Every structure is written in C-alpha cells, then in structure tokens.
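In terms of this note's numbering, the sequence shown has 1580 at position 255, counting the first letter as 1, and numbering is strictly consecutive. Ideal placement from N, C-alpha and C gives every residue a C-beta, glycine not left out. Quick caveat, the model's predicted, so the values are computed rather than measured. In what follows, a structure is listed as structure tokens, so that the remarks can point back to it.
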Amino acid sequence: GRIQGFRVENSRLWHLLSTQHHFQEDDEGCKYLVGLTFKVRPGIWTQYFLNKQGCKERTAFYQYGSLPKFLLSTVMSIWQQHEGAARLMLWLLFKTKMGAAQRITIPTLMRVAYGEEKVALANRHREERKRLLRTFESDLEVLNHHGMKPIFDPVTYPLEIQPLWAKLASIPEDPDEAIEFWINDAGGDTRLTDTSPRGKWNLLMNARISSFELSPEWEQQTSETDKKQRTAKTRRKLKTTGGLVGEQILQARKNMNLSQRELAKLTGKSQSWVRDLENGRLKAKLEDQAVLRKVLNIA
1326 GRIQGFRVEN SRLWHLLSTQ HHFQEDDEGC KYLVGLTFKV RPGIWTQYFL
1376 NKQGCKERTA FYQYGSLPKF LLSTVMSIWQ QHEGAARLML WLLFKTKMGA
1426 AQRITIPTLM RVAYGEEKVA LANRHREERK RLLRTFESDL EVLNHHGMKP
1476 IFDPVTYPLE IQPLWAKLAS IPEDPDEAIE FWINDAGGDT RLTDTSPRGK
1526 WNLLMNARIS SFELSPEWEQ QTSETDKKQR TAKTRRKLKT TGGLVGEQIL
1576 QARKNMNLSQ RELAKLTGKS QSWVRDLENG RLKAKLEDQA VLRKVLNIA
C-alpha cells in the first residue's frame, strides 16, 4: 500500500510501570481491597498501528478490534509447541474478516509465522529448509485441527506437494470404501505414500492457499463477538449522562451524614451493596437509581 514498510525489533506489547492498591474503610474501620490500578506504557507497536495522526498523514495505521475469548484460550494452549500456528491463527482471523476468499502465498504465511530471517536462512541452507518445511506443515495441521482448514490451490499447490495429513484426510472412514480407495491408489501413477518430489521447496515458494475455511464453531463465535461489539457501540451511543456513579452516591451520603448501614436500611439493601456501588464494583439498576435519587435528594 501507500504506507512504507517498517521493521520492529522484539519488544514488549505493554510495559508495567507501577501497581496501586485501593482500599475502602467501612463504618467499623475494616479495610477492603476494592481495586487495583496498573500504570502501563504501550510498546513501540502503537507508533505504527495505533497512530491516529499518522493514519491521516498515510504514514502509519490506526487499527483496533476485539478478539473472541475462545481464540485467546486456543492460542494460550498451543503457542509453546506451535508458535508459528499461534501467530497465523491471530493473523488469519483478521484476514478472514476482509472476506472468505483470501488467496495467500506460502512465502507470506511463512514470513508471518517465522519471520523474514528464518525464511531467508531456509532459502540458503538445505537442512534449515527441511526443518522449516516440517514445522510449517505441522502448524498447518494444528490450524486444521482447531477449525481453520486450509484450502490448497489445485494449480499451484497440487496433491503431490501437500502435507501428508491433508492427503490422509481424503481416506474414507467406511471400511469398504477405504479398501477401494487403497486399491485405486495402488494402481495410479502416483500414490498417497510416495515421497515428496524433488525441489518441493521451490514449488512451495510459488504455491498458494486459496482460503482458510472456518469451522461452524469459529463462524458462530466470531459472529457473536462481532454482534457484541456492535451492541456495545450502540449502547455507548444510547447511554445518557444521567446514570448514577459511585462518587455521586458516596458524596451525597456524606452530605446527608448517613452511614453505609443507614443508607442500606433506607433503600432496603445490604451494606455490602452500598459499599460495592460506591467503589464502582456494582452499577445500580434503573429502579434502584430512582430510589437512591429520592433518598439522597439527587436531582
């Protein structure tokens, strides 16, 4: 695109600068931990991906979004053994939001998963090539297992250079059909168990994956996440400024010289309910807000 390429060395996404503990004391003098404040500084990535001014000047991006909880759980369960698959999973989620048909070259996927240096090293050294190829095919299998099925381009990524696990997926589960499959396979010019052709790496460097087919579970989860995001935006737009906040309730109670216990009694609630409202851990329902406004004389 119009934005120039850039390179960022390994750095933290967020830098934790300090942690502050918040306590609140009740009428009996007991202190309760009611919150934590973390002071953080974002990493250098924001300069390139969360730069509103740079986006206007077309020198950087200003992009943000939400990740579904199930995706984070999956990534946390696989990243230690399959770091490349975890990276691809996150990258592909945003890629698929741009449309189901996303033709992606294998070099692009490898650079996303393993970085430019490893791919360049594999291009120069045979052993590194073999190692990276095994890792890549294993990571594709992990993606397939977790609901991201690669659809191999039949022209540039033919069956003979596809991973073995993808070939095995074509074997019928029915015993009789499986026997017929193996008979036909044995009589063909190429066999499922044949070794990969010479120059497979070079063939892969020109191969493409037509798209990644998401499982119904992925489709449902991602659509629910998108729906929640739209709902949240709508609620923020519709939200009025009239909602009571904890500081208002606390100040109004003190102005009337009421204890938390007394306010709880007047509203028909518990003291812990009042305490949670004041420290922001709880938000009063509309009907409860009406009662609080009446008791505390809040306009």
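- In this structure, residue 1412 lies away from residue 1447, with their beta-carbon atoms at least 7 angstroms apart.
- The shortest CA-to-CA distance from residue 1603 to any of 1344, 1502 and 1350 is the one to 1350.
- Counting only the Cα atoms, residue 1599 lies some 15 angstroms from residue 1356.
- Of all C-beta pairs linking the stretch 1470–1481 to the stretch 1526–1540, three or more are shorter than 8 angstroms, placing the two stretches in contact.
- The three-state secondary structure of residue 1534, taken from DSSP, is strand.
- Excluding the 5 residues flanking it on each side, residue 1342 has same chain C-beta neighbours closer than 7 angstroms at 1364, 1365 and 1366, in chain order.
- Across the set 1346, 1489 and 1538, the C-alpha of 1489 shows the shortest separation from the C-alpha of residue 1522.
- Measuring C-alpha to C-alpha distances from residue 1340 to each of 1624, 1347 and 1368 identifies 1368 as the nearest.
- Taking the Cβ atoms as the reference, residue 1584 lies roughly 5 angstroms from residue 1352, within the contact range of under 8 angstroms.
- A distance below 8 angstroms between beta-carbons, with the five flanking residues on each side excluded, links residue 1416 to the following residues of its chain, in chain order: 1437.
- It is roughly 8 angstroms from the alpha-carbon of residue 1427 to the alpha-carbon of residue 1537.
- In this structure residue 1469 is buried. Its beta-carbon is surrounded by 16 or more other beta-carbon atoms within 10 angstroms.
- Per DSSP, residue 1473 is one residue of the beta strand (DSSP E) stretching across 1473–1477.
- Taken atom to atom, the span from the alpha-carbon of residue 1472 to that of residue 1399 is near 11 angstroms.
- Beta-carbon to beta-carbon, residue 1620 and residue 1591 are separated by about 5 angstroms, close enough to satisfy the 8 angstroms threshold.
- Here residue 1430 carries a strand assignment [DSSP, helix/strand/coil].
- Annotated three-state conformation of residue 1343 is strand, per DSSP.
- The stretch 1452–1511 contains, as complete alpha helix (DSSP H) runs of 4+ residues, the segments 1489–1493 and 1500–1511 (chain order).
- Apart from the 5 residues on each side of it in sequence, residue 1347 sits with its Cβ closer than 6 angstroms to the Cβ of 1359 and 1360 in its chain, given in chain order.
- Between residue 1372 and residue 1385, the beta carbon gap of about 7 angstroms places them in contact (Cβ cut-off 8 angstroms).
- A residue is called buried once 16 or more other Cβ atoms fall within 10 Å of its Cβ, and residue 1578 is buried on that count.
- Of 1493, 1528 and 1544, the smallest CA-CA separation from residue 1431 is found for 1528.
- When DSSP states are grouped into helix, strand and coil, residue 1389 belongs to the coil group.
- By the neighbour-count criterion, in which a residue is buried when 16 or more other Cβ atoms sit within 10 angstroms of its Cβ, residue 1581 is exposed.
- For residue 1394 and residue 1451, the gap between their C-alpha atoms comes out near 40 angstroms.
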